[in-house]
Amino acid sequence: MAIFTKKVAEELFGELWTRMIKDYGFGKSLKESGISIYFVVSDPDMVMFVDENGPIFGTEAEKKMPVVTMKMKGDIVHKFWLKDLNVPMALALRQIVAKGPVNKVLQLLPLMKPGMEIYPEYCKKFKLPMKA
Amino acid sequence: MEYFDIQFMNLTEDDIALKKATHKFAEEVMRPTAKALDTMSAEDVVADGSPLWTFLKKAYELGYHKTLLPEYYGGLGLSPLQVHIVFEELGWGSFGLSVLLGVICFPFYVSCLAGNEELIEKYVKPFCACTDASIRGCWAITEPDHGSDYIASGEDYFTTPKMHGNVQARLEGDEYVINGQKSAWVSGGTIATHALLFLQLDPKHGFGGNGICVLPLDLDGVTKGKPLEKIGQRDLNQGEIYFDNVRIPKSYMLAEPTFYEPLLEMILASANMIMATWSTGIARAAFEEALVYSKERVQGTRPLIEHYAHKQRVFKLFARTEVIRAISRNVLNLNLNVSPPLAEYSLVAKSQCTEMAFQNAHELIQIMGGNGLTREYIAEKLFRDARATLIEDGNNETLERHGGHILAETYPRPPLDF
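Chains as they are written, first to last, in the working numbering: chain A, 1 to 132; chain B, 1001 to 1418.
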């Protein structure tokens, strides 16, 4: 069973990424690094595009040309934000598959850390389990 | 020699400038250094005052030691095509010195791959900032009792307890205690300041119980052997490293057994595709020598190139060079743009490109006749250097078997359709 519904995921990650960009300088970091990301999530099926301007979902996201694309299941997304996932190992085991310059993918991990710190707040808000 | 690039329409001004600058370094710094080191004893190669140190300092000043590292940590941040351009030129300059520059970055590159933030702060960033060649890595994998079988994770013996590593570690509190010996084939081994060390943590699972750590080589209990004498790549320092109750923090272990085989596969995929890329340089060097020599050398009243047989021979060297470049560029572009890398393509690149580069070096000597055997020309050095590549980073037969294992386990591979 999916860890969250598509509706919850879009609302949660819309808020999370917007806050990271506005309050944590994530947009500036993305812009300086020349990184945009397209997430292809399964269970629930959803797509999201993020660049320095914020997150967008669905057909709007599909039209974008990302630098990095990451494909994973919803429970892996949840584990990642809970800091419960060894990302290099998840990549090696194909739990996450990424397309785009490897150096940019490696660079993304430290940039996304502030989001991990505030993710538990959203777990509470959306009644998600705090353990993967 | 100014060399036409089949992808010239895709090269930016930056790419072309990078190619010219790297070629200048390869021609003016690497080639003379490699030629000098080739005639020296292995011990003299690394002695104080050796041209090796001048070369390394220059290479670090220009940033060639951090070609693979992310810009975010201070690396060059090159595109896959630019990485290929740089490595082809370096391979043209000297295969052995290229390997040395490659292994020098290995502990730091793999720290990034493994996402170890502590080591990135402590070692990777200073390495990227280093301009005096005082921080140097090595790849400590091969052992007295284990060569290519160290990487043969697809073989049935790999995870049996009979696979007993020569370097073992045990956990004591928050530290690993390391004992044993790596073989004389550790590239960069006797001059390194840090090792990417492969070792056994859980012998009951054979090499499935292995791990990978970063180990500063100034720790108590580390000693080094004498530099290895060998027929080719004599400019590449290699030698043993010994460990006697060496202690490292647990956090320096990049991979424990659960992550060992996946990380090993990623490391091999990287190393093998880079070997293929350097092979482009050595193949091209052989072609260029053949072309120049064939135009200058007169036999039977006319230059060799005017003899039909030689025209065909020279063309075959050209053709192989183009095929090697096409394969190695495609694979580098694929595997520096996909995570995890598709290891079978790196294995294709390494096994095929090194074979073809060796054929080029071999046929260059045949074209040159007796002159090809003398030290007056670079041909015999290219031949000796290219011969080593068929064994280096896993002998090609073992790598092909491993490639077959991947096919058997994972093919047909579904497309990456997202």
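Where a beta carbon is used, it is the ideal one built from N, C-alpha and C, also for glycine.
These numbers were taken from a predicted model, which means no experiment stands behind them.
- Contact with chain A is found for B/Asn1337, since one of that chain's Cβ atoms lies less than 8 Å from the residue's Cβ.
- When C-beta atoms of the segment 1102–1122 of chain B are compared with those of the segment 1154–1164 of chain B, fewer than three pairs fall below 8 Å, so the two segments do not count as touching.
- Judged by DSSP secondary structure, A/Asp51 falls within the beta strand (DSSP E) whose first and last residues are Met46 to Asp51.
- Only Cys1112, Leu1113, Ala1114, Gly1115, Asn1116, Glu1117 and Ile1120 from the segment 1107–1120 of chain B bring a Cβ to less than 9 Å from some Cβ of chain A.
- Taking all protein chains shown into account, B/Gly1075 has 16 or more neighbouring C-beta atoms within 10 Å of its C-beta and is therefore buried.
- Across the set B/Lys1250, B/Leu1113, B/Lys1350 and B/Thr1159, the C-alpha of B/Lys1250 shows the shortest separation from the C-alpha of B/Ala1169.
- In this structure B/Glu1289 touches B/Ile1378 by the C-beta definition: roughly 6 Å separates them, less than 8 Å.
- In the three-state DSSP reduction, B/Ile1367 falls in the helix class (H, G or I).
- Distance from the Cα of B/Val1214 is smallest, within the candidate group B/Ile1305, B/Thr1193 and B/Ala1319, for B/Thr1193.
- Cβ contact annotation for B/Val1314 (same chain, cutoff 8 Å, sequence separation greater than five): Phe1287, Ala1290, Leu1291, Ser1294, Ile1305 and Ile1367, in chain order.
- Closest in alpha carbon position to B/Asp1145, among B/Lys1024, B/Val1167, B/Leu1399 and B/Ala1059, is B/Val1167.
- As a beta-bridge residue in DSSP terms, B/Ala1140 pairs with B/Leu1197.
- Across the structure, B/Ala1361 and B/Leu1390 are spaced so that their CA atoms are roughly 13 Å apart.
- In chain order, Asn103 make up the part of chain A whose C-beta sits under 7 Å from the C-beta of B/Glu1071.
- For B/Leu1263, a Cβ of chain A is located within less than 8 Å of the residue's own Cβ.
- Here A/Met70 really is in contact with A/Ile37; their C-beta atoms are around 6 Å apart, less than 8 Å.
- Taking the beta carbon of B/Gly1077 as reference, the chain A residues within 7 Å of it are Asn103, listed in sequence order.
- In the structure shown, B/Tyr1377 adopts coil according to DSSP, grouped into three states.
- Put simply, the CB of A/Gln107 is near chain B, with a gap under 8 Å to one of its CB atoms.
- Beta bridge pairing from DSSP links B/Ala1386 with no other residue.
- Around A/Thr18, the same chain offers Gly54 as residues with beta carbons nearer than 6 Å, after the five sequence neighbours per side are excluded.
- The beta carbon of B/Leu1263 lies closer than 8 Å to those of Val1110, Leu1113, Ala1114, Ile1212, Leu1254 and Ala1255 in the same chain, with the five residues before and after it left out.
- The beta-carbon distance between B/Ala1184 and B/Leu1217, rounded to whole angstroms, is 16 Å. This is too long to meet the 8 Å contact definition.
- Within chain B, no C-beta atom comes nearer than 9 Å to that of A/Val50; the closest sits roughly 16 Å away.
- A/Tyr24 sits away from A/Pro120, with the two beta carbons spaced by 8 Å or more.
- Counting along the chain, B/Cys1213 sits inside no alpha helix (DSSP H); it lies in the beta strand (DSSP E) bounded by residues Asn1210 to Pro1216.
- In this structure B/Cys1353 is in contact with B/Ala1276, their Cβ atoms being roughly 4 Å apart against a cut-off of 8 Å.
- For A/Pro55, the enclosing beta strand (DSSP E) has its first and last residue at Gly54 to Phe57.
- Secondary structure remark: continuous alpha helix (DSSP H) runs of at least 4 residues inside the segment 1076–1103 of chain B, in chain order: 1080–1093.
- In this structure, A/Val50 sits away from A/Val40, with a CB-CB distance that is not shorter than 8 Å.
- Proximity of A/Val77 to chain B, defined by a Cβ-Cβ separation below 8 Å, is not satisfied.
- Burial state of A/Glu10 is buried, judged by a 10 Å Cβ sphere holding 16 or more other Cβ atoms.
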